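Enquirer:
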Amino acid sequence: MDLSSLKEQLRRENPLLVDAVAAFGKLDRVGRGLGILQRGGSFAQRIAWWPLIAVLGPFSAGKSTFINTYLGQPLQQTGTHAVDDTFTVICYTGESEARVLPGVALDADLRFPFYKMSQELEKVEAGQGGRIDAYLKLKTCPSERVKGLILIDSPGFDADAQRTATLRITDYIMDLSDLVLVLFDANRPEPGAMRDTLHHLVAGTVNRTDSSKFLYILNRMDVTAREDNPEEVVGAWQRALAQHGLTAGKFYRIYSPEAALPIADEALRRRFEGKRDKDLADIHGRMAQVRVERSYRIVGTLEKMAREIEDGFVPRIRDLRARWRRATLRFDALFFGLALAVCLGAYLLAGLPAEGQVLPGWLSWIFEASWRFIPFVILVAAGAGFAHAKARGLAEGRVRRALSRETPPGAEREALEGALDRNTVWWRSVFLPEPAGWGTGARRRIREAIAGAETLVQALNDRYAHPSGTRPESPSSPNQTESGRTE
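Just so we're aligned, residue 329 is where the sequence shown starts under this note's numbering, counting upward by one.
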């Protein structure tokens, strides 16, 4: 994969990350050698190179209204029912008006999330890859708040007829994002009716190593002002989320100032507005922070991938090779044992031991001339080779079926299946000690990638952290943000 366009973009916005792209190139060579990365693919396409914030939740949770309020303009359609059934990627444009671009704009550009998503959709259901525009679209927005940032608005899960593909994309987004805002609707007092949605949005995230990037937000809290029972509503939601494992952490309570219901009681209104403004300020602060966190996330992902290859994939591939070798040798023993038994049985049944002969008369012509022995040996060797190839194929099929049972569908299984293909080609001996592609050069590239990641972290620390109290001179303006703009 050509990463030159990505390097050029990063060279303008954040030169530190250009070295990270080069390090990903080293991992790509290792991955292709091992067979865990498809030809033409890159580990660099598995991460978002721009700060990415996802807004998830069921329909009517106020996701689009929240985004419109944040952007300061009505970019997204809003309503109490599901008004959009596609994932919308929102990015900045220097033009004066917003534009809507088809999903192929995302599918074919490495710089955006959802690069090659059509291939993932095709794995969910045949034919869905060609319908990428039915799942994704790109919107450009002239708001300064989204400059150097990418927002993703998701469809409501409850109303989506294409649920399997939608959840596949949602999982992809949650893995990719720097910050995930999970919104719920305070106006829906029966959270138990949304058990499936809660399970997917909550239960699958609480035990993640990056669980701190998930913010749980109870939106449209203004509706609770009618009966002045916000604590009861929040308590009901907290109990519902606790059933799915979320027993700790902050629960934000907000509502849109533009779409809020009027609150007649002045003291009550001030109390609601005070809580809303405080929580909104905290949420917006986290959203602004992702511009800094983005660089650390990318470098951390680089090191994580390098260690995952060495400590995760390589041992798994060794295990698959060992199982394949044992199965192959067992099938070899079975085939050659049967052949030997057949020959021995024929030898005994023909009465050759009693006659003092080794071969029956009709085979004696083979030894009458030395040249006749050569085609006989070739024929025997070809038969043995065919039997061994059959044994390798049967053993591979057995290991592949075991892999399918042990590993759920997804990127990891596909990578291991690719490695199995790479290690079971006909010209590779079953007795080779190491997996294909794992040698001195691969180990050196892994070490270089890890060392490069540590160097990049130190460079980022030099930019953002100054324990001595003195800030080192930088060629960039002190007010310049991660995205390259001055505030």
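For glycine and all other residues, C-beta sits at the position ideal for the given N, C-alpha and C. Only a predicted model underlies this, so the values are computations on that prediction, with no experimental measurement involved.
May I have the straight-line CA-CA distance separating W377 from L507, to the nearest angstrom?
Expert: Looking at the two C-alpha atoms, the distance is approximately 14 Å.
Enquirer: Taking Cβ positions, are I626 and L345 nearer each other than 8 Å?
Expert: Yes.
Enquirer: Assuming contact is defined by CB atoms lying nearer than 8 Å, are R548 and A592 in contact in what I supplied?
Expert: For R548 and A592, no; Cβs fall outside 8 Å.
Enquirer: Does G431 pass the burial test, meaning 16 or more other C-beta atoms within 10 Å, or should it be called exposed?
Expert: When all chains shown are included, G431 counts as buried.
Enquirer: Going by DSSP, which residues form a beta bridge with C419?
Expert: Partner(s): T468.
Enquirer: Out of curiosity, what's the CA-to-CA distance linking A433 and A553?
Expert: Going from the Cα of A433 to the Cα of A553 covers about 43 Å.
Enquirer: Just verifying my parser: in three-state terms, what is the DSSP assignment at P430?
Expert: P430 falls in the strand class under three-state DSSP.
Enquirer: Roughly how many angstroms separate the alpha carbons of G713 and F664, rounded to a whole number?
Expert: Whole-angstrom Cα-Cα distance: 11 Å.
Enquirer: Using three-state DSSP, classify F600 as helix, strand or coil.
Expert: Correct three-state label for F600: helix.
Enquirer: Under the rule that 16 or more other beta-carbon atoms within 10 Å means buried, what is C469, buried or exposed?
Expert: Answer is buried; the Cβ neighbour count reaches 16.
Enquirer: What residues in its chain sit with their C-beta under 6 Å from that of A777, if we drop five residues either side in the sequence?
Expert: The answer, listed in chain order, is A351, K354, L355 and A634.
Enquirer: So, under 8 Å CB-CB, L420 and V474 are touching, yes? Tell me the CB distance rounded to an integer number of Å.
Expert: In the sequence on display, residue 420 carries Tyr and not Leu. That belief holds up - the Cβ atoms of Y420 and V474 are roughly 5 Å apart, short of 8 Å.
Enquirer: DSSP on Y580, reduced to helix/strand/coil?
Expert: Correct three-state label for Y580: strand.
Enquirer: Which term fits D749, buried or exposed, when burial requires 16 or more other beta carbons within 10 angstroms of its beta carbon?
Expert: Exposed, by the Cβ-count rule.
Enquirer: Measure the C-alpha to C-alpha separation of L784 and E448 and round it to an integer number of angstroms.
Expert: Going by the C-alpha atoms only, they are around 31 Å apart.
Enquirer: Using alpha carbons as the reference points, say which of S623, H528 and H794 lies closest to H572.
Expert: Cα-wise, what sits closest to H572 is H528.
Enquirer: Does Y443 pass the burial test, meaning 16 or more other C-beta atoms within 10 Å, or should it be called exposed?
Expert: The residue is buried, with at least 16 neighbouring Cβ atoms inside 10 Å.
Enquirer: Sort L504, R728 and E734 by Cα distance to V383 and report the nearest one.
Expert: Comparing Cα-Cα distances from V383 to each of L504, R728 and E734, the minimum goes to L504.
Enquirer: Put N547 into one of helix, strand or coil per three-state DSSP.
Expert: Here N547 sits in strand by DSSP.
Enquirer: For a test of the three-state rule: what should DSSP assign to I480, helix, strand or coil?
Expert: Note: I480 maps to strand in three-state DSSP.
Enquirer: DSSP on I381, reduced to helix/strand/coil?
Expert: Strand.
Enquirer: With distance defined between alpha-carbon atoms, name the residue in F759, L464 and L380 nearest to V428.
Expert: Residue L464 is the option with its Cα nearest to V428.
Enquirer: Using the rule of at least 16 other Cβ atoms within 10 Å of the residue's Cβ for burial, across every protein chain shown, is N751 buried or exposed?
Expert: That one is buried.
Enquirer: Which residues in the same chain have their Cβ closer than 6 Å to the Cβ of L466, if we skip the five residues on either side of it in sequence?
Expert: The residues are V417, L429, A433 and L434.
Enquirer: Can you name, in chain order, every residue of its own chain whose Cβ lies under 8 Å from the Cβ of P483, other than the five neighbours on each side?
Expert: So the qualifying residues of the chain are F387, A410, D412, D413, T414, F415 and T494.
Enquirer: Do you know whose CA, among I611, K541 and D461, lies nearest F394's CA?
Expert: Checking every option, the nearest Cα to that of F394 belongs to I611.
Enquirer: Tell me which same chain residues have a C-beta within less than 6 Å of the C-beta of A521, skipping the five on either side of it?
Expert: Note that A521 has pLDDT 48, beneath the 50 cutoff, so the model's placement of it is unreliable and the number below is only indicative. Contacts found: none.
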